[in-house]
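Okay, so here's the structure we're looking at.
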Amino acid sequence: MAKTSPHNVFEAYGNQFHTDFTKFLQMRSEEIVFGGCMVLAFIGRKTRDPTRDDSGWELLAHSLLDMLKEVKMFLKSTGDSNEPRHNHGKNTANLITAVS
């Protein structure tokens with residue numbers, strides 16, 4: 018969405034989010050055991066303006082970089098010798114590096 022987008026575009030996105038999120042909660046509620054719980058984390062904005070670029074992308078990038086550091090430390094601590102048992106960690110590190 019851009020500052021120049023018509024009001025109905027913002028409305029359409031809001032309505033679609035409401036529909037999708039409601040469906041998500043309905044589907045997850047069927048999976049939760051009686052007395053169980055679910056934790057949801059949301060990233061907020063500093064303003065109500067949806068065209069502002071203060072979204073969570075930078076936070077996501079920092080989180081992915083932290084995950085990459087953890088994977089690299091894990092591989093180093095296990096004496097990574099390129100054995101097949103370490104491929105999962107290497108693939109994870111490569112994926113995180115590619116995204117960041």
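In this note's numbering, the protein residues as written are 18 to 117. Beta carbons: idealized from backbone N, C-alpha and C, even for Gly. It should be emphasised that the depicted structure is a prediction, and the values quoted were computed from it without experimental measurement.
In the DSSP assignment, Ser22 falls outside any alpha helix (DSSP H) and carries neither an H nor an E. Note on Val50: under 16 other CB atoms within 10 angstroms of its CB, so exposed under the neighbour-count rule. Counting along the chain, no alpha helix (DSSP H) covers Leu57, and no H or E run does either. In this structure, Phe27 sits near Pro67, with a CB-CB distance shorter than 8 Å.
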